[in-house]
Amino acid sequence: MKDNTKGAADGGSHSLLSMNGVSYLVPFILITSCFALWGFANDITNPMVKAFSKIFRMSVTDGTLVQVAFYGGYFAMAFPAAIFIRKFSYKAGVLLGLGLYACGAFLFYPAMLTGSYYPFLIAYFILTCGLSFLETSCNPYILSMGPEATATRRLNMAQSFNPVGSLMGMWVAMNFIQARLNPLETEERARLTDAEFEAVRDADLLTLISPYVFIGLVVVLMFVVIAVVKMPKNGDKSHSIDFLPTLKRIFSQTRYREGVIAQFFYVGAQIMCWTFIIQYGTRVFMLEGMGEKAAEVLSQKYNIIAMAIFCCSRFVCTYLLRYVNAGRLLAILAVAAAILTVGVIVFQDRMGLYCLVGVSACMSLMFPTIYGIALDGMGDDAKFGAAGLIMAILGGSVLPPVQAKIIDCGVIGGFPAVNLSFVLPLICFLVIIAYGWRCSRR
């Protein structure tokens, strides 16, 4: 693996977005826009765990089926996406991803008409099959848009716009979904008659689907723009599909194999911190005397602050990569995240919530840096390598339900279960510390 500190010494001689006299600025802007689009989908979805739990009078654990369906789509479609991209091109993968994204978003309307929870899970799954195509295509596509020496910095720059979309998704969830749902609290909803429950449920579902239908229209527009613009064919060197030999080759590399494991735990930690900040903050604010709905909305505001910090930190960390070895910086930030997570567990007031917000500053670098380190030097094998790293997003499907089970316990040994549940993200950050430290020593 290249030492990024070496790149720092000659970083000025390597262009980010041109190579051999060819500029990739316009394609970079278009593909980077896709990063914002899937950021929107990810972070309008996290608050939906709480929203669906209220709308359908379910437990937190049942509500996390949203995350299971959402991140299960990433897992299921990653290698089919890689095979498709290998057979055709990165551009074809992006277009198919956008098409599935739009299809899944539009399916929210018929799901609403059924008045049932499970059709929404199908819509989420199809939507994220599209996101899996997008991420499997866009990440290595960005890596290929310039010199290999600046590939990790380039990916961090593109990924910096992912939280911009995430911020928009959180803002839309707070203002156009959470704030507009029926103000009845969970206990009051439990006492409704069947007819009253159905009326409230249907009105809430109508509120919930509108942003998804709107983003579907935006995605269709992006599909048309990318379809008509000439995009580079760089990275499309081979169209042969030697699936098993390629898998054996890429997983024989320690840096890549450990990167997939680190990415699994990172995504799990990210989703847990951003999903259950609602439950964590709601408990804190209700203890202060606030009503449930007001506490949920205020918790989402803290989530937005966390994402804004995440976004700013991403730009700062991208700059620092010019001067600091990527693995070393990854390990340092993971240590800071682990320390803050201990604060989340120990404190039972707003101090714990402040620590949880601070964790986002530490997470900002992690996904693209693990991604860039793991794929370094893979060349055309990056198509399949990217698929393995996207499959690792399964961590966002596997770990949150486990945390939800803990939260549903209410109190464990006289301690709030929601606090103790953050032991899981703590374990995740310990894994990332180990990966960053090992990479910095190679």
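In the numbering used here, the protein residues as written are 864 to 1305. Don't be surprised by glycine CBs; every beta carbon is placed ideally from N, CA and C. Nothing here was measured: the structure is a model prediction, and the numbers come from that model.
Asked	Found
Bridge partners of Pro1279, per DSSP?	Val1274
Considering Cα atoms alone, identify which of Leu1071, Phe1285, Met1094 is closest to Tyr1143.	Phe1285
Which same chain residues end up closer than 6 Å to Lys913 when comparing Cβ atoms and leaving out the 5 residues on each side of it in sequence?	Ile1141
Take every Cβ of the stretch 1018-1032, pair it with every Cβ of the stretch 1231-1247, and state whether three or more of those distances are shorter than 8 Å.	yes
Would you call the stretch 1177-1185 in contact with the stretch 1031-1044, where contact means no fewer than 3 C-beta pairs closer than 8 Å?	no
Once you ignore the five residues that flank Asn1002 on each side, which residues in its own chain have a CB closer than 7 Å to its CB?	Leu1018, Tyr1234, Ala1249
Under 8 Å by Cβ, that's how I've got Lys1156 and Glu1048 pegged, so tell me the actual separation to the nearest angstrom.	7 Å
From the DSSP secondary-structure annotation, give me the bridge partner or partners of Met882.	Val885
Skipping 5 residues on each side, what residues in its chain have a beta carbon closer than 6 Å to that of Cys897?	Leu997, Cys1001
Could you compute how far the alpha carbon of Val1294 sits from the alpha carbon of Phe1060?	44 Å
For Ser1303, tell me which candidate among Leu1192, Ser1223, Ile1290, Phe1292 has the shortest Cα-Cα distance.	Leu1192
Less than 8 Å between the CB atoms is what I'm expecting for Gly960 and Tyr987, so what's the real figure, rounded?	Their Cβ separation, rounded to whole angstroms, is 15 Å, which puts Gly960 and Tyr987 out of contact at 8 Å.
Determine the burial state of Lys869: buried for a count of at least 16 other Cβ atoms within 10 Å of its Cβ, exposed for fewer.	Residue placement at Lys869 is poorly supported in this model, since its pLDDT is 41, which falls under 50; the coordinates still yield a value, given next. Its Cβ having fewer than 16 others within 10 Å, Lys869 is exposed.
Please list the segments of the alpha helix (DSSP H) lying wholly inside the stretch 999-1059, counting only runs of 4 or more residues, in order along the chain.	1014-1022, 1025-1035, 1049-1053
Which term fits Met834, buried or exposed, when burial requires 16 or more other beta carbons within 10 angstroms of its beta carbon?	What the structure shows of the chain is the stretch from 864 to 1305, and residue 834 is not part of that stretch, so it cannot be assessed.
Cα separation between Val1088 and Ala1058?	46 Å
Less than 8 Å between the CB atoms is what I'm expecting for Gly978 and Arg1064, so what's the real figure, rounded?	7 Å
If distances are taken between C-alpha atoms only, which option among Ser952, Trp901, Arg1177 comes closest to Gly1028?	Trp901
From Pro1108, Ser916, Asn1282, Tyr1119, pick the residue whose C-alpha is nearest to that of Asp1067; which is it?	Ser916
Pro1288 by DSSP, collapsed to three states: which one?	helix
Using 10 angstroms around the beta-carbon of Asn867, count the other beta-carbons present and answer buried if the total reaches 16, otherwise exposed.	In this prediction, Asn867 has a pLDDT of 43, which is less than 50 and means its spatial position is unreliable; nothing more can be read from the coordinates.
Is the beta carbon of Met1212 less than 8 Å from the beta carbon of Ser922?	The amino acid occupying residue 1212 in the given sequence is Asp; Met does not appear at that position. No, the Cβ-Cβ distance between Asp1212 and Ser922 is not below 8 Å.
Less than 8 Å between the beta carbons of Ile1253 and Ala899, yes or no?	no
Does Lys1096 pass the burial test, meaning 16 or more other C-beta atoms within 10 Å, or should it be called exposed?	exposed
Quick check on this structure: which residue in Gly884, Ala1014, Met1226, Ile1005 has the alpha carbon closest to the alpha carbon of Ile892?	Ile1005
Answer yes or no: do Val929 and Leu976 have a C-beta to C-beta separation smaller than 8 Å?	no
When you compare only the Cα positions, how much space is there between Ile1172 and Ala1199?	15 Å
Which same chain residues, not among the five before or five after Ala1036, have their C-beta less than 6 Å away from its C-beta?	Ile907, Pro910
What do you get for Leu1287, buried or exposed, if any count of 16 or more other CB atoms within 10 angstroms of its CB means buried?	buried
Report the residue from Ala1169, Gly1152, Phe1148, Met1170 whose alpha carbon sits nearest the alpha carbon of Ile1161.	Before going on, a small fix: residue 1161 reads as Leu here, not Ile. If we check each option's Cα against that of Leu1161, Phe1148 comes out closest.
Report the option in Cys1291, Ala1280, Gly962 whose CA atom is closest to the CA atom of Cys992.	Gly962
I'd like the span of the alpha helix (DSSP H) that includes Ser927, first residue to last.	The question names Ser, but residue 927 in the sequence shown is Thr. That residue, Thr927, is in no alpha helix (DSSP H); it is neither H nor E in DSSP.
Here's the rule I'm using: 16 or more other beta-carbon atoms within 10 Å means buried, otherwise exposed. How should Gly875 be labelled?	Because the pLDDT of Gly875 is 41, which lies under 50, any placement of that residue in the model is unreliable, and the question is left without a value.
Would Gly1299 and Gly1190 be called neighbours here (beta carbons separated by less than 8 Å)?	yes
Please say whether Leu1203 and Cys822 have beta carbons closer to each other than 8 Å?	Any property of residue 822 remains undetermined from this structure, which presents the chain solely from 864 to 1305.
Phe1247 and Ala955: beta carbons closer than 8 Å?	no
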